[in-house]
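Below is one structure; the comments refer to it alone.
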Amino acid sequence: MRRLRSLTASALAVAVAGGALVAGGVSAEAAPDGSGLVISEAYLNGGSAGATYRNKFVEVHNPTDEAVDVSGWSVQYRAYSSTSRFTGVIPLGDRRVPAGGTLLVSGNSNAANGEVLPTPDVSSSIAFSGNTNGGTLALVSSGTALEGDRDAVLAADDLVDLVGYGASTTFEGAAPASGYSVTSSLNRTEGRDTDDNAADLTAGAPTPTPCGAACDPEAAEPVDPTPMQIAEIQGPGASSPVQGDTVVTTGVVTAAYPTGGFDGVYLQTAGTGGEDLDDLTASHAVFVSSLDLARDVQVGDHVEVVGVVEESFGLTRVVADERYRVLDEPAASVKATELALPLDAAERERLESMLVAPVGDLTVTDNYSTHQYGEIGLASGTTALPQPTDVERPGTEAYRALVAENERRLVTLDDGRGTNFLSGTARNEPAPWLRPDNEVRVGAPVTVTDPVILDFRFGLWRLQPTAPLTAEEEPATFGSTRSAAPSVDGDVKVAAFNVLNYFVTTGADYEANGLGTCTYYTDRAGAPVTVNRCTGVGPRGAADDANLARQEAKIVAAINSLEAEVVALQEIENSAAFGIDRDTALRALVAALNEDAGRERWSVVASPADVPQPEDVIRTAFIHDTDAIETVGESVILDDPAFDNARDPLAQTFRPVGAGADDDFVVINNHFKSKGSGTGEDADAGDGQGASNASRVRQAQALTTFAAERAEAAGTDLTFLTGDFNSYSREDPVEVIRDAGFVDAPRELDAGATYLFGGRVGSLDHVFVSEAGFERVTDAAIWNINAVESVAREYSRFNGNVTNLYDASVFRASDHDPVVVGFSTTSDPGPEPEPGRSPSTITVESARIGLLGRLAVTVDTPGRVVDSGLVVVQRGFLPVGFGIVRDGRATVYVAGLRSGVDCRLTYSGDRRTAPSSLIHRVAR
């Protein structure tokens, strides 16, 4: 708490019922003696399943015997680890807190659970985090957002009180406050403010207490609102120019959300919509936050609202008071405005909250959280967004251009709700979009069938339905893209398959054998499904035999459908970790595969006698078709310090049954260090390659040396390096392997991508073939049965929601897609790689002149669609713009583009297409 240092003369002259009025907006300092305002309560999980109240709230208490004027003050919030500006700023308006009184400030609602709050004194939709990470709340004697690290914030002159909670790094005293839940708020012990959040605030039942008219110096005279058009409220920039002002405006209701947690409506100025984006300077629509309003109106109503303008994490809102009304006079209808992606943030701002009709091709690019939050990432065009480092070298200009282009192509289709369908009672409500007959796969074409709202929530531009979504009223349809197992040409096929932590030692086994205890991820009935973590070196897979059977059924169906003769497995249990034979899990999988095949088709490649120590709890392994392939000698594990933080590569020489030594080939199975952690030289460099890149480079170097040794020992020039390299196709470790003379066969043969992360597709799984061996490669395929499928279909999500999407099919057997490469068993050369690059032609389809001009460019080449490379625009020798080629097209933005100007356009070319250029004169 902070003590007010001084009083203004005008404030001293003010007297109100209940005592003298202390002026707000003055400097403050720490006041553990209880002589100033404090944050007395914070309820942080409003609306969640089991919540006591629908909305979150913060309560400001005046423990003194004098009223305190808080005009111009604010309650502020920022994330737990942030040191940047406080993002949620809630103006407290023209109010004062009487002696002993409390001011109730509401926040957002996670969903529609719990009792409705008593009418707050100040309403907002700021999303105070209620998860374990927590956050930081501040009472500030100004409307200026605080910023900086803990010391800077605590030293701010206008800081009155501060509460850090959870894992917050900004807090008073020795530690943040803790103990909050869906039924508990942080409560300040009466009279206690020792400037130690952990000591001063404890868990208690939430008790929201507004002060109502007593907090309003002019309660009988509400603030006169300023009449404004919605476009004036929105303004031309990213935030409203009238934040904190009380306004009155009118509009047509285009969307209403009385349930699901949004608690408000979208209003759009009557008669607007249908404009060309270039003709818009500001949006004609705004979100109005008011649950009562959302319950009282319908889409199409013409209404007048009064409220305070605020920015909530990038979305302009009007927080309405009770002075709203439905107007009798008719209003011109609102039209949907065409939304044609890609668009940058400034262009989207002009459409914020407006009714839009997406046009052009759209493709699913992210479905990871669809079953949890009802959201689907969409990309403009006919392809999903690529992982930038799968296409371009990390940190380069082309890489940065692709990152920017991905953002311009992306928009998220949402469900009009804030519900978490994997939490509490919401698990018993069907999650939207996903059904057994509705795939929603990444790469699938999407048609948005009904107008939607373009808004900005949780850091993403979103398309919201005009009401909370139901399965009967979904505003989009999705194409089917599933395919049967690929038919790969070749006498022998080598495959790689990540089996997603296949452990036959289940969590239940681990505990029953007295090896330790485990915690679990559970289904909606509370039954364990997969292991979360265990004491000691525990298993990582299924919780028990029933879940193992579900996992195994998918893996077996997929592997037996591949028609490969050698399969390299990753993420299989290293059974030695549990004091049993190292190959126990591998033999169990082979037994299941053979039972499904109806014959003794498969055999394990046994572990070698010499196994380096220590080992990870997961390992790599081989199986092979005994009718077609036999092993030559013992398998060999590379023992090199480079793999101390990863899985050691496993090598095996194979021979086609009935063939001689001339047809021997070596396969080395790999699982490099992951991208998820690393310090020092392994820290994330911010170039797109993630953490531990230095380790993966060393592993690639050690691997290529090992490969040369194993090839020499086997007397063959046909070597395959396969597995999960945790490196995309243009990253440093892959370049090391290429420089050593290996060819990424699936990439060279345009087989596709194996992995999805963050809504971007790329290949972490590769099959590199020795340069001489590549002459015998006949075909390659990636079977997209895993990465592009919703995780809701995985065994690990069994019964997570009332819509149970698990089945025993091949789909979502893992999170990586299997890759297969076929080759000839003879030494006769197969098809030569393309000897040269095809010619290309650049054409300028259209040009838009202006302050931010735009050139629409096509790049053509005979026989295929160009889908990579960079188009650069120059004036003289100066580059003035560039664009990434996708689907044969590129959009290049050029500042100050004028008619009559000559520009040189250059296409950089790619590995299959030659560069080209032209001189173009810009026409109006």
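For reference, each letter of the sequence shown is one residue, going -22 to -1, 1 to 902 in mature numbering (1 follows the signal peptide of the UniProt record, and there is no 0). Ideal Cβ positions, reconstructed from N, Cα and C, are used throughout, including at glycine. Bear in mind the structure is a predicted one, so any value in this text is a computation, not a measurement.
- By the criterion of at least three beta-carbon pairs nearer than 8 angstroms, the segment 420 to 438 is in contact with the segment 456 to 467.
- In this structure Ile104 is buried. Its beta-carbon is surrounded by 16 or more other beta-carbon atoms within 10 angstroms.
- When the beta-carbon positions are compared, Glu125 and Ser26 stay at least 8 angstroms from each other.
- Shown here, Leu783 sits in coil according to DSSP, grouped into three states, outside any helix or strand.
- With contacts defined by Cβ atoms closer than 8 angstroms, Ser774 and Val507 form a contacting pair.
- The C-beta of Gln350 has 16 or more other C-beta atoms within 10 Å across all chains shown, which makes the residue buried.
- Here DSSP, grouped into helix, strand and coil, assigns Asp174 to coil.
- Excluding sequence positions up to five before and after Ala770, its CB lies within less than 6 angstroms of the CB of His349, Leu412, Leu783, all in the same chain and listed in chain order.
- According to the DSSP secondary-structure assignment, Arg625 is paired through a beta bridge with His649.
- Here DSSP, grouped into helix, strand and coil, assigns Ala335 to strand.
- Restricting attention to beta strand (DSSP E) runs no shorter than 3 residues, the segment 267 to 334 encloses them at 280 to 290, 293 to 298, 315 to 317, ordered along the chain.
- DSSP, read as helix, strand or coil, puts Asp722 in strand.
- If only uninterrupted beta strand (DSSP E) runs of at least 3 residues are considered, those enclosed by the segment 352 to 421 are 354 to 358, 388 to 391.
- In the DSSP annotation of this structure, the continuous segment of the beta strand (DSSP E) that includes Ser894 starts and ends at 894 to 899.
- Contact check for Val297 against Ser101 passes: the beta carbons are separated by less than 8 angstroms.
- Apart from sequence neighbours up to five positions away, the residues of its chain that approach Thr227 with a beta-carbon distance below 8 angstroms are Pro205, Met206, Gln207, Ile208, Ile211, Leu245, Val264, Glu282, Val283, Val296, ordered along the chain.
- With 16 or more other CB atoms across the displayed protein chains lying within 10 angstroms of its CB, Ile820 is buried.
- Runs of the beta strand (DSSP E) spanning 3 or more residues and lying entirely within the segment 542 to 577 occur at 544 to 551, in chain order.
- Between Gly861 and Val849, the CB-CB gap stays under 8 angstroms.
- By the neighbour-count criterion, in which 16 or more other beta carbons inside 10 Å mark a residue as buried, Arg889 falls on the exposed side.
- Ile760 sits in a strand when the DSSP states are folded into three classes.
- Residue pairing from DSSP places Phe600 in a beta bridge opposite Ala546.
- With a minimum length of 3 residues, the unbroken runs of beta strand (DSSP E) contained wholly in the segment 436 to 470 fall at 438 to 442, 454 to 456.
- Look at Phe752 here: in three-state DSSP terms it is helix.
- The C-beta separation of Val635 from Gln548 comes to about 26 angstroms, leaving the pair out of contact by the 8 angstroms criterion.
- Counting only unbroken stretches of 4 or more residues, no alpha helix (DSSP H) element lies wholly within the segment 675 to 714.
- Under DSSP, the beta-bridge partners assigned to His39 are Val16, Thr80.
- When the alpha-carbon of Pro219 is set against those of Val287, Ala554, Ile601, Ser673, the nearest one is in Val287.
- Contact annotation, Leu628 with Thr598: C-beta distance approximately 5 angstroms; criterion of less than 8 angstroms satisfied.
- In the DSSP assignment, Glu530 falls within the unbroken alpha helix (DSSP H) covering 523 to 539.
- A Cβ-Cβ separation of about 20 angstroms leaves Arg518 out of contact with Asn777 under the 8 angstroms criterion.
- Under the 10 Å beta carbon count, Glu327 is surrounded by 16 or more other beta carbons and is classified as buried.
- When Tyr21, Gln54, Val369 are compared, the shortest CA-CA separation from Thr180 is found for Tyr21.
- Listed in chain order, the non-local C-beta contacts of Thr247 below 6 angstroms within the same chain comprise Ile208, Gly229, His262, local neighbours out to five positions each way being set aside.
- Only buried fits Pro410, as 16 or more other CB atoms lie within 10 angstroms of its CB.
- The beta carbon of Asp626 sits closer than 7 angstroms to those of Pro590, Ile615, Leu616, Asp617, all from its chain and outside the five residues before and after it, given in chain order.
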